[in-house]
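**Student:**
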Amino acid sequence: MLYTFCLKNSVHTRRWFVFGFKPLRQDAKDGGDVAGRTRKDIETRSSRASAFAEKLFGAWRAETIMKINKRITDTYCHTFAVEKSGLAAISVSARCQSKKQLKSNTDEDLRVEIDGFGFREIPPEKNIQQYNIPASFNGSKLKGLKKTVVFFVMLKKGEHTIDLIPKPSAFVEKIAIQEFKDSKNVTLPVNEQAEDGDRRPWFAFVLVHASLKLLTLAVDAQYRLGDSDDIKVIIDNNIQKQEHSYLHRFWAFAGSLLKKIKQKKEEQEKTFSPNLSKARHYIEIWADRTPTLHSIALEIDPVFSQDAPKEPEKRIPTVDDPEWTGDFHDDIEEMLMARLIFGEARNEPRAAKERIAWSVVNRTEAGSWWPNTIQGAILQKGQYDPFKAKDSNYDDIIDPLRKVGQKTKAAWQECYAVASEVMARKTKNPTPATHFHGIGVTRDWFEKHVVPQGRFLEKIGNTSFYWSPN
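Take the sequence shown: its position 65, counted from the start at 1, is 65 in full-length UniProt numbering, and no numbers get skipped.
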C-alpha cells in the first residue's frame, strides 16, 4: 500500500510492512539494502505477514502504519491507495488536552474526514456536533490520554484521503490502515492496555454505513482493592448494561474479586446482539483504570457510500451564502457569532468587533447563569437584541447579504473573519468584558439597570464594554 501525507509544504512517500515484525523503511529512490536487508527480503517478509494476517483475521494485507507523533495546528492531510475494493479499517490514535492542562481558555479537539466526508452526532439534532461525538477527540474528556478511533468503511480501489482537523491543536500519534478479505465477519486484534485514567473514552469503532448484527469483545479487567479495571460499552448512545451486578450495571466488564480469590485469569469475552440496520453506527469503549482490550469481532453487512441511501441534506449557511434556514440552530458557531457581530457592530472598528466576540466566549467560561456553549449563550432568551424578531437589525442578520453592495459585503466578511479567528483562538483574549452597548444607551443607565455589580472597562468607537459577574 503506497501512501503520501501532507502538512503545509512537506510531502513524503513510504511503504511499511508491519504485522508481528519490526517496521522497515523502504527507500523510494533506490532498491538497495535497507537495514541490512535487500528489497527481495522485505517483499518476502511482507508476503509472509500478509498471509499470516489473512489466515488469522480474514485480512488480505498486513496492517499499514504511519507513525506521526507530532502536535498539529493545521489540517493534516494523509493520502493512501487501496489495491482492492472492499472493507478497510482506518485507525487514528491521538491525544487532546483540557484547557486546564493547557492553561488556556479552550480545550484541544480533533475530528476526522475520510474522502471529504465528515461525521456528526447520531441521531442528527438541530445543533450539528462535529467535535463532541464518539468519532472525534475531545480534550475535556480525554485530559491528555490516548484515544483511538477506528473507521470501518468500504473503499473502492484507488487513492483516498484522510484529513485530521484540529481545534486549535492536537497531538497525533499514528494512522493505521487494514484491508480485509471478508467484509462481513471481521476480527480486529488490538492487544492494548489503557493508560491509567478515570472513566474516559478509550476506543471508538465507527461503522460508516453498515448493519451490525453481533459484536464480540475480548478483554482483561483486573480486580484491585478500592478501584478495579472496568470497561463501558456504548452502542449508538445506548449503554450496554451488566445484568449480574447492580454496582457495575453501567460497566459491561469489571474486575472480579471472586476470580481474584480463585486465582483465575481476568480475561473476559462478551457478545452483544444489537441487530442494527444499515446506517452509520458508533461503538464506544470507555476505560476506568487500566483494562486491556484484546480484540473486537463484528458481524456486519457494509455497503459502499455511493450505494448507500442518501441522507436528507439540510442546507448549512456559509460565509458566501449566509441566509438562514429558518432556524438559528442550523448555524455553526462561527456563523452565529458573525451574525451577532454584524447586527451589533458591522460599522464599528475591528477591535470592537473582536471584543464583542470575546465577550460571548467570556460568558461561556464564567461559570455563571449563562450557558457554557457559544450557541447557547448567543441564543439565550432576551440577551442580544439583533436576534429578536422585532429588532431593526433582525432582517440584516438573517440574511446579511440581502443588501448587495461592496460595503455591506466587506463588513460581513470582516465580521465572519473575526468570528472564525476567535472561535479558533487565533487571537488572544483582549478583554474580560461580558456586556456591551452602542449608541442610544447611557453609561449611567446601563450600570444601574444591567450591570449593577459590574464595572465599566473601555469604549471603542461607539461601543462601550463592561464586566459583570452575572
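Ideal Cβ positions, reconstructed from N, Cα and C, are used throughout, including at glycine.
In the structure shown, what three-state DSSP assignment does H248 receive?
**Tutor:** Correct three-state label for H248: coil.
**Student:** Give the secondary structure of I341 by DSSP, where H, G and I count as helix, E and B as strand, and everything else as coil.
**Tutor:** In this structure, I341 counts as helix in the three-state DSSP scheme.
**Student:** How is D396 classed by DSSP in three states: helix, strand or coil?
**Tutor:** Correct three-state label for D396: helix.
**Student:** For K8 and C77, I'd like the C-alpha separation in whole angstroms.
**Tutor:** Unreliable placement is indicated for K8, whose pLDDT of 38 sits below 50; no coordinate value is reported for it.
**Student:** Do you know how far the Cα of T427 is from the Cα of T408?
**Tutor:** Each residue's alpha carbon lies about 24 Å from the other.
**Student:** Buried or exposed, going by whether 16 or more other CB atoms sit within 10 Å of the CB of V150?
**Tutor:** Looking at its Cβ environment, which holds 16 or more other Cβ atoms inside 10 Å, V150 is buried.
**Student:** Could you pull out every residue in the same chain whose Cβ sits closer than 7 Å to the Cβ of P349, ignoring the five residues on either side in sequence?
**Tutor:** Result list for P349: I460 and G461, in chain order.
**Student:** When you compare the CB positions of V319 and Q406, do they come within less than 8 Å of one another, or not?
**Tutor:** For V319 and Q406, no; Cβs fall outside 8 Å.
**Student:** Determine the direct distance from the alpha carbon of E354 to that of V418, and round the result to whole angstroms.
**Tutor:** So the alpha carbons of these two residues sit roughly 6 Å apart.
**Student:** Taking buried to mean at least 16 other C-beta atoms within 10 Å of its own C-beta, is I316 buried or exposed?
**Tutor:** Its Cβ having fewer than 16 others within 10 Å, I316 is exposed.
**Student:** State the Cα-Cα distance for the pair G255 and Q268, rounded to the nearest angstrom.
**Tutor:** Distance between the alpha carbons of G255 and Q268: 10 Å.
**Student:** Is there contact here, the region 188-199 with the region 442-455, by at least three beta-carbon pairs under 8 Å?
**Tutor:** Flag = no, the region 188-199 and the region 442-455 do not touch.
**Student:** Is the number of C-beta pairs between the region 154-162 and the region 76-90 that are closer than 8 Å three or more?
**Tutor:** Cβ pair count under 8 Å is three or more, so yes.
**Student:** Going along the chain, which residues of its own chain have a beta-carbon closer than 7 Å to the beta-carbon of A338, five neighbours each way excluded?
**Tutor:** So the qualifying residues of the chain are C415, Y416 and A419.
**Student:** Could you tell me if A352 is buried or exposed, where buried requires 16 or more neighbouring beta carbons within 10 angstroms of its beta carbon?
**Tutor:** Under this definition A352 is a buried residue.
**Student:** Between which two residues does the alpha helix (DSSP H) harbouring D444 extend?
**Tutor:** Element bounds for D444: R443 to H449.
**Student:** Work out the CA separation of T106 and F171 for me, nearest whole Å.
**Tutor:** When rounded, the distance between both Cα atoms is 15 Å.
**Student:** Ends of the beta strand (DSSP E) at W370?
**Tutor:** Run containing W370: none; DSSP gives neither H nor E here.
**Student:** Could you tell me which of W202, I374 and H248 sits nearest to A357, measuring between CA atoms?
**Tutor:** Of the candidates W202, I374 and H248, the one whose C-alpha sits nearest the C-alpha of A357 is I374.
**Student:** Mapping the DSSP letters down to three states, classify E334 as helix, strand or coil.
**Tutor:** Reduced to three states, the DSSP call for E334 is helix.
**Student:** Tell me where the beta strand (DSSP E) around N362 begins and ends.
**Tutor:** Unbroken run through N362 is the alpha helix (DSSP H), R350 to T364; no beta strand (DSSP E).
**Student:** If L298 sits next to L215, beta carbons under 8 Å apart, how far is it from one beta carbon to the other, in whole angstroms?
**Tutor:** The Cβ separation is near 6 Å, so the contact holds.
**Student:** Going by DSSP, which residues form a beta bridge with L401?
**Tutor:** Partner(s): none; L401 has no beta bridge.
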